[in-house]
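Peer 1:
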Amino acid sequence: MSLLIATDVAIERGDRPLLRNISLQIEAGELWQLIGPNGVGKSSLMRALAGLARLGVEGDIRRNAASLYVGHSSALKRALTPVDNLRCHPACDVTVEYEQISAALRSVSLAGYESVPVGSLSAGQQRRVALARLPLSRADLWFLDEPFTALDAAGCDWLERQIAEQLAKGGAVLFTSHQQSQFGAQQQNLDLAQYATR
Amino acid sequence: MPRADLDTLPLGAAFYRQFLRHGKTLMASPADLLNPLLFFFMVITLFPLGLGPDPQRLSQMAPGILWVVALLASLMVSGKLFASDFEDGSLEQLCLAPHPLAILALAEVLAHWLGTGLLLSLVSPVFAVLLGLPAQALPVLVFSLLLGTLCLTLIGAVGSALTVSIRRGGLLLSLIIIPLHVPVLIFGSTAVIEATLGGNPESWLALLGALVLVSVALGPLAIGAALRISLDNG
Chain A
-10 MSLLIATDVA IERGDRPLLR NISLQIEAGE LWQLIGPNGV GKSSLMRALA GLARLGVEGD
50 IRRNAASLYV GHSSALKRAL TPVDNLRCHP ACDVTVEYEQ ISAALRSVSL AGYESVPVGS
110 LSAGQQRRVA LARLPLSRAD LWFLDEPFTA LDAAGCDWLE RQIAEQLAKG GAVLFTSHQQ
170 SQFGAQQQNL DLAQYATR
Chain B
-16 MPRADLDTLP LGAAFYRQFL RHGKTLMASP ADLLNPLLFF FMVITLFPLG LGPDPQRLSQ
44 MAPGILWVVA LLASLMVSGK LFASDFEDGS LEQLCLAPHP LAILALAEVL AHWLGTGLLL
104 SLVSPVFAVL LGLPAQALPV LVFSLLLGTL CLTLIGAVGS ALTVSIRRGG LLLSLIIIPL
164 HVPVLIFGST AVIEATLGGN PESWLALLGA LVLVSVALGP LAIGAALRIS LDNG
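Residue numbers (this note's numbering), protein chains in the order written: chain A, -10 to 187; chain B, -16 to 217.
1. Answer yes or no: do isoleucine 206 of chain B and alanine 85 of chain B have a C-beta to C-beta separation smaller than 8 Å?
2. Under 7 Å between beta-carbons, which chain A residues line up against aspartate 15 of chain B? List them in chain order, please.
3. Is there a Cβ of chain A sitting closer than 8 Å to that of alanine 11 of chain B, yes or no?
4. Judging by CA-CA distance, which residue of A:Leu130, A:Glu154, A:Glu149, A:Leu123 is the nearest neighbour of isoleucine 173 of chain A?
5. Count the CB pairs spanning the segment 38 to 53 of chain B and the segment 101 to 121 of chain B that are closer than 8 Å, and state whether there are at least three.
6. For the beta strand (DSSP E) containing arginine 151 of chain B, list its first residue and its last residue.
7. Assuming the contact rule is C-beta atoms closer than 8 Å, leucine 156 of chain B and glycine 142 of chain B should be a hit. Round their C-beta distance to whole Å, please.
8. Just to confirm, does leucine 38 of chain A get its C-beta within under 7 Å of one of the non-hydrogen atoms of the ligand NAD?
9. Name, going along the chain, the residues of the segment 75 to 87 of chain A whose beta-carbon falls closer than 8 Å to a beta-carbon of chain B.
10. On the DSSP letters alone, give me the boundaries of the beta strand (DSSP E) that valine 29 of chain A sits inside.
11. Which whole runs of the alpha helix (DSSP H) in the segment 61 to 127 of chain A are 4 residues long or more, in chain order?
12. Among A:Asp82, A:Val83, A:Tyr102, which one has its Cα closest to the Cα of serine 91 of chain A?
13. Going by the beta-carbon positions, is the gap between glycine 98 of chain B and leucine 9 of chain B smaller than 8 Å?
14. Could you tell me the distance, in whole angstroms, from the CA atom of leucine 41 of chain A to the CA atom of tyrosine 184 of chain A?
15. Within the same chain, show all residues whose beta-carbon is closer than 8 Å to that of alanine 209 of chain B, passing over the 5 residues directly before and after it, in chain order.
16. What do you reckon, are the CB atoms on leucine 201 of chain B and histidine 82 of chain B nearer than 8 Å?
17. For glutamate 75 of chain B and chain C, any beta-carbon pair shorter than 8 Å?
18. Any idea which residues DSSP pairs aspartate 134 of chain A with across the strands?
19. I need the DSSP call for arginine 5 of chain A, collapsed to helix, strand or coil.
20. Nearest to valine 72 of chain A by alpha carbon, out of A:Val105, A:Leu7, A:Asp82, A:Gly45?
21. Measuring alpha carbon to alpha carbon, tell me which of A:Arg116, A:Tyr87, A:Pro6, A:Cys81 ends up nearest valine 97 of chain A.
22. Leucine 34 of chain A and tryptophan 8 of chain A - do their beta-carbons sit closer together than 8 Å?
23. Can you give me the C-alpha to C-alpha distance between valine 175 of chain B and histidine 95 of chain B, rounded to a whole angstrom?
24. Can you find a CB in chain B that lies within less than 8 Å of the CB of arginine 43 of chain A?
25. From the beta carbon of glutamine 39 of chain B, is the nearest beta carbon of chain A less than 8 Å away?
26. Under a Cβ-count criterion, where at least 16 other Cβ atoms within 10 Å of its own Cβ denotes burial, should arginine 122 of chain A be classed as buried or exposed?
In structure tokens form, the structure reads like this:
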């Protein structure tokens, strides 16, 4: 069964139509990248597909799996530690133990920062904390909006490994990025320029 | 392909975690906890200066003064309930959670009330003594404020959820929720007045309790719906 089926989706922002006639079917094990110039509507489409935006979205969007969305906002509380932020994450769907969280933090090279308030971490480190949700989730469908932003080379490598693991487990990933990714022929591109109404 | 090492989070645990998240955030910024109390204290100390130091008159007006100031203090803080969640993206994650948004929002409101309304109710006797409220009315004051602030917080949370995506939505917020605060104010202050006069405040407290039950039952649903609308507009 397809993890996500979108049929004839049209997006408008405010009163201005952005995109139309988008049909997309994501199967298990598939990696999709949304590409297109700034302002074409990559984030808007991603939010619509993830089920975050309903206003200004037309067409039929069906998600047949639990999904996880990481957007531009980190959804981290600056006053809380990375461990508390991950354990009490608002979209958390699983019981995560301290060991699992600290293992996830270790894997993003944040060992030793378990009890430091997130607000005192750097932007890149905060990004890593937000992305440490990925190995702690069991959602099949990942929506990652510009996940490589603010990450260094090691962070990008880590993220690419996470995505590869997710695909190997039979999940699917949809992401936006301005960088050339390392996935090559493994990924499918959806160029939004051809769907733009302008 | 559910991961074997991660168990599904039961609703109760999700509620508790959301409660913990907001509670710990509140504890980390004591200023947010102390602000309403400080506001309460400052306004209460201004009243004798404005009205004159006649103890008789002050103790007559004390129930109304205490209740109005508690209402304003609650208005002040509950309007910002979801503001930081909206800014840092927690709200969109909350909407994607597999659990009902209404329940998770209730956890957050409850944590907020414990840090503001409950605290305010418990210290209110100190302020009441400053105004010369008769000692026999103190338990009724605390009890009515406990019920009342919970109600005010839930109503305020609905307003906050509706206006969170609007810049400078403060005035709109007050317009939406002050009319809904009116019955709470009337029942609460009347209960305290009854107690000062040696009458029976029970029926007023019962009405207040009924309002609490209604707002606990319906408030979260309204908050959930309002949060989704705000997220669409944001």
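Just so it is clear, CB atoms sit at the ideal spot from N, CA and C, and this is done for glycine as well.
Peer 2: The relevant details are as follows:
1. yes
2. Among the residues of chain A, none has a CB under 7 Å from the CB of aspartate 15 of chain B; the nearest is roughly 10 Å distant.
3. yes
4. Reading the sequence as shown, one finds glycine at residue 173 of chain A and not isoleucine. When each option's Cα is compared against that of glycine 173 of chain A, the closest is A:Glu149.
5. yes
6. Here arginine 151 of chain B belongs to no beta strand (DSSP E), and DSSP marks it neither H nor E.
7. Sure, about 5 Å apart at Cβ, within 8 Å.
8. For the structure depicted, the ligand NAD is absent and the ligand set is empty, with no information on it obtainable.
9. Arg76, Cys77, His78, Pro79, Ala80, Cys81, Asp82, Val83, Thr84, Val85
10. Element bounds for valine 29 of chain A: n/a, residue is neither H nor E.
11. Whole alpha helix (DSSP H) segments, 4+ residues: 71 to 76, 87 to 96, 112 to 120.
12. A:Tyr102
13. yes
14. 21 Å
15. Val141, Ala144, Leu145
16. no
17. Although the question refers to chain C, the structure presented lacks it and instead comprises the protein chains A and B.
18. A:Thr165
19. strand
20. The residue with the shortest Cα to Cα distance from valine 72 of chain A is A:Val105.
21. The option with the nearest alpha carbon to valine 97 of chain A is A:Arg116.
22. Looking at the sequence provided, one finds leucine at residue 8 of chain A rather than tryptophan. It is a contact, given that the beta carbons lie within the stated cut-off.
23. In this structure, the straight-line span from the alpha carbon of valine 175 of chain B to that of histidine 95 of chain B is close to 25 Å.
24. Chain B has a Cβ within less than 8 Å of the Cβ of arginine 43 of chain A.
25. no
26. buried
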